[in-house]
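Heads up, the thing below is written out as C-alpha cells.
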Amino acid sequence: MKFGGTSVKDVEALRRVVQVVGRERRPRLVVVSALSKVTDALLEVARLAEQGDGTAARQAVKALHRRHEEMAAIVRGTERRAGLLAAIDALFEELEGVARALAVVEEVSPRSKDAIVSFGELASSRIVAAALEDAGLASRWLDARALLVTDAQHGAALPDREATDERLRSLVRPLLADGLVPVVGGFVGATAAGLTTTLGRGGSDLSAALFGAGLEADEIQIWTDVDGMLTADPRMVAAPRVVPQLSFDEASELAYFGAKVLHPATILPAVGLGIPVRILNSHRPEAPGTLITRTVEAGEGGPAAIACKRGLTRIDIASTRMLMAYGFLRRVFEVFERFRTPVDVVTTSEVSVSVTIDDRRSLEGIESELSAFADVSHEDGMAIVCAVGERLRTDARLATRVLGALEGLPLAMVSQGGSRKNITVVLRDADAPAAMERLHRRFFEDEGAPSERSALATA
Ligand code: ADP
Ligand code: ASP
Ligand code: MG
Numbered sequence: 015m016k017f018g019g020t021s022v023k024d025v026e027a028l029r030r031v032v033q034v035v036g037r038e039r040r041p042r043l044v045v046v047s048a049l050s051k052v053t054d055a056l057l058e059v060a061r062l063a064e065q066g067d068g069t070a071a072r073q074a075v076k077a078l079h080r081r082h083e084e085m086a087a088i089v090r091g092t093e094r095r096a097g098l099l100a101a102i103d104a105l106f107e108e109l110e111g112v113a114r115a116l117a118v119v120e121e122v123s124p125r126s127k128d129a130i131v132s133f134g135e136l137a138s139s140r141i142v143a144a145a146l147e148d149a150g151l152a153s154r155w156l157d158a159r160a161l162l163v164t165d166a167q168h169g170a171a172l173p174d175r176e177a178t179d180e181r182l183r184s185l186v187r188p189l190l191a192d193g194l195v196p197v198v199g200g201f202v203g204a205t206a207a208g209l210t211t212t213l214g215r216g217g218s219d220l221s222a223a224l225f226g227a228g229l230e231a232d233e234i235q236i237w238t239d240v241d242g243m244l245t246a247d248p249r250m251v252a253a254p255r256v257v258p259q260l261s262f263d264e265a266s267e268l269a270y271f272g273a274k275v276l277h278p279a280t281i282l283p284a285v286g287l288g289i290p291v292r293i294l295n296s297h298r299p300e301a302p303g304t305l306i307t308r309t310v311e312a313g314e315g316g317p318a319a320i321a322c323k324r325g326l327t328r329i330d331i332a333s334t335r336m337l338m339a340y341g342f343l344r345r346v347f348e349v350f351e352r353f354r355t356p357v358d359v360v361t362t363s364e365v366s367v368s369v370t371i372d373d374r375r376s377l378e379g380i381e382s383e384l385s386a387f388a389d390v391s392h393e394d395g396m397a398i399v400c401a402v403g404e405r406l407r408t409d410a411r412l413a414t415r416v417l418g419a420l421e422g423l424p425l426a427m428v429s430q431g432g433s434r435k436n437i438t439v440v441l442r443d444a445d446a447p448a449a450m451e452r453l454h455r456r457f458f459e460d461e462g463a464p465s466e467r468s469a470l471a472t473a
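Be aware that the sequence shown starts at 15, since it is given in the numbering used here, and climbs by one per residue.
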C-alpha cells in the first residue's frame, strides 16, 4: 500500500491513511512519500546551500522541522509522541548540519543532494509508523536505505532487484509473518556500500512496485488524490472520467507520456509476476479506482485515455549523404546513447529522422556530434499528445478519428508505436491544451461516443 504526498499532507489526511491501512485485513507493507511539497522544499535547501546562503538554507530546514513536528499531534500516547518528536528532532538537526556544511563549501554534488532529499521520506515514514502504532496497529518503521538496493546513479538510481528481494526476505517477510505492519519511505534507497540514493521524482510508486513484486504480493495499491487513472490529466481537461480497467501496456504508455499519477517504471516490476496494480483515492477510499492487469477486454468504444507531455524539444536530423544508407540510424542513436539522453518519439522519412527529447542538458554536444554526418536543427516548445488503448490495434478507424479531431492544428510528427496501442502526435506546446480538449470531447464527452470503459469521475 503506497500513499503519495497529498495522502499524508496533514493530520487529517494522515487519519484517513490510518483508517485505510486498518481496514485492510491482509498482510501489508506500507510505503509512504514525503509530505506534499516537501521534496521541492528540500531541493530548495540544496539550491540555497549551493549558493552559499547558509542562513536561508537553515531557515528552510527550520520551517520543514516545524511542519513535521505539527504532524506528531496525530499521536495521542504521550510517550509515543515524545519518541516520535525525538526522532524528528534528530533527523532535522542532522539535515541542518548537512545544509550548513554544504553552504560553507558552496557545492552540492548529486550524492549530497540525494542525502538531503531523502529526509522527506525518512521523516514521513516515521510519522506514519507512529500514527499506525498509536491507532493500535502493531507496526514497525524500516529504513528504506536498508531495504532498497540501487546502483550509484544519484538522482535517478536503478534498483538491484535481486539484492532488494534478498533484503525483503530477511527484513520484511518475518515482520509480516508476525502480523506486524512494516512502514518504509518510498523513493529512497542506498547502494550496496550504503550511500543514500533516490529513484527520481515520483519514484515512491516504483519503490512500492519493487517491494510488491519482491514480496509476491496479491496486489500493489497506489493511494493518491484522484479517483484512479483518468481519461486525461485533470489539470488540462475539465471533466475527465475514471478508467475502471487498464492493461499493463496501456498504463505504462500513459505513465510514460505524462499521466503523472503513476511513475513510468511502476508497472515493470508487476509485469513479470502479473501482480495487479490498483490506483485508489485516499480521500474517497470507497471509490473503486482503476485496476491494472495483464490483459483487458478491448471491448467497444475508443481509446482508454489520452495523455500529454509538454516542454519538449524536437530535433530534425537529415543525412548529408542523400541516401538513407543502412547504418545511418545506428549512428544517430549511438549519439543519444553516448549522451545518455532518452528519445521519446521517433519518425523517419527516406533521408531524415525527427526525434523528441525531454532532457536538453546535452543538446549542444548531441548536435555537434550529429553534425559530423547530418544536417541538424532543433525546435523547443513542443509537446506530445497521445491516445492510448488496446482498441487502437484492432479498430483501424480510430487512428483516423484521432487525427480528424486535431484537424487544423499543425502536427510536427505523427507516430504509431510498434505495439499499435497508441497514436502519438507532436505539436507546438501552445497547441497542446486545444488538442487535449478536442480529443477528450471527441472520445469521452460527445453524445454517442462515450468510451464504455470509463465512468464519470465524481471527485
Ligand atoms: P502522489 O503524490 O499521490 O504520488 P501525484 O501528484 O504524483 O500524486 O499524482 C496524482 C496527480 O496526477 C493527480 O492529482 C493529477 O493531477 C495528475 N494526473 C495527470 N494525469 C492524470 C491522469 N491521466 N489520471 C489521473 N491523474 C493524473
Ligand atoms: N517525494 C518524491 C517526489 O516528490 C517521490 C514521490 O513522491 O513519489 O518526487
Ligand atoms: Mg506521484
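Every residue, glycine too, gets a C-beta built ideally from N, C-alpha and C.
Since the structure is predicted, the reported quantities are computational estimates derived from the model, not experimental observations.
Next on the checklist: Using only the alpha-carbon positions, how far apart do L244 and R114 sit?
Outcome noted: 43 Å
Checklist entry - Quick one: what's got a C-beta closer than 7 Å to E83's C-beta in the same chain, skipping five residues either side? => result L99 and I102
Item to check | Chain-ordered residues, beta carbon under 6 Å from a heavy atom of the ligand MG | outcome: G18, G216 and D219
Checklist entry - Taking buried to mean at least 16 other C-beta atoms within 10 Å of its own C-beta, is S391 buried or exposed? => result exposed
Checklist entry - Helix, strand or coil: which one does DSSP assign to L229? => result coil
Checklist entry - Helix or strand or just coil, what does DSSP make of G97? => result helix
Next on the checklist: With three or more C-beta pairs closer than 8 Å as the rule, is the region 312-331 touching the region 374-394?
Outcome noted: yes
Checklist entry - What span of residues does the beta strand (DSSP E) with S385 cover, start to end? => result Element bounds for S385: n/a, residue is neither H nor E.
Checklist entry - What is the C-beta distance between V34 and S296, in whole angstroms, given that I count them as a contact (C-beta under 8 Å)? => result 6 Å
Checklist entry - How far does the alpha helix (DSSP H) with T355 in it reach, from first residue to last? => result Unbroken run through T355: none, as it is neither H nor E.
Checklist entry - Which whole-angstrom value describes the C-beta separation of T438 and G431, a residue pair presumed to lie in contact below a C-beta threshold of 8 Å? => result 7 Å
Checklist entry - What residue range is occupied by the uninterrupted beta strand (DSSP E) comprising R335? => result Looking at the DSSP string, R335 is not in any beta strand (DSSP E), and its letter there is neither H nor E.
Item to check | M250 versus G217, L190, P447 and V25, residue with shortest Cα-Cα distance | outcome: P447
Next on the checklist: Per DSSP, what are the beta-bridge partners of H392 in this structure?
Outcome noted: I329
Next on the checklist: Applying the 10 Å Cβ sphere with the 16-neighbour rule, what's the burial state of L28?
Outcome noted: buried
Item to check | Where the beta strand (DSSP E) containing P196 begins and where it ends | outcome: V195 to G199
Checklist entry - Skipping 5 residues on each side, what residues in its chain have a beta carbon closer than 7 Å to that of A48? => result G19, G134, E135 and S138
Item to check | From D460, H454 and V31, residue whose alpha carbon lies closest to that of W237 | outcome: V31
Item to check | C-beta contact flag for T212 and A269 at 8 Å | outcome: no
Checklist entry - Which runs of the alpha helix (DSSP H) fall wholly inside the region 395-470 and span at least 4 residues, in chain order? => result 405-408, 411-419 and 446-454
Next on the checklist: Can you find the residues in the same chain that come closer than 7 Å, C-beta to C-beta, to V349, ignoring five residues on each side of it along the sequence?
Outcome noted: I380, E383 and L384
Next on the checklist: With the cut-off set at 8 Å, would you say G200 and V45 are in Cβ contact?
Outcome noted: yes
Checklist entry - Less than 8 Å separating the beta-carbons of E26 and R94? => result no
Checklist entry - Is any heavy atom in the ligand ADP found nearer than 7 Å to the beta carbon of P248? => result yes
Checklist entry - Taking 7 Å as the cut-off, does the CB of S296 come closer than this to any heavy atom belonging to the ligand ASP? => result no
Next on the checklist: Quick check: does the Cβ of A273 come within less than 7 Å of any heavy atom belonging to the ligand MN?
Outcome noted: The ligand MN is not among the ligands present in this structure, which contains only the ligand ADP, the ligand ASP and the ligand MG.
Item to check | Cα-Cα separation, F262 to A301 | outcome: 21 Å
Item to check | N-terminal and C-terminal residue of the alpha helix (DSSP H) that I281 is part of | outcome: I281 to L287
Checklist entry - Touch check for the region 151-165 and the region 189-199: three-plus C-beta pairs under 8 Å? => result yes
Item to check | As assigned by DSSP and simplified to three states, the class of V46 | outcome: strand
Next on the checklist: Once DSSP output is grouped into helix, strand and coil, what is the label at Q65?
Outcome noted: coil
Checklist entry - To which residues of the same chain is L425 closer than 6 Å at the C-beta, ignoring the five residues directly before and after it? => result V439 and L441
Next on the checklist: If you measure between the beta carbons of A265 and I306, is that distance less than 8 Å?
Outcome noted: yes
Checklist entry - Do A74 and L57 have their C-beta atoms within less than 8 Å of each other? => result no
Item to check | D409 to R42 span [Cα, whole Å] | outcome: 41 Å
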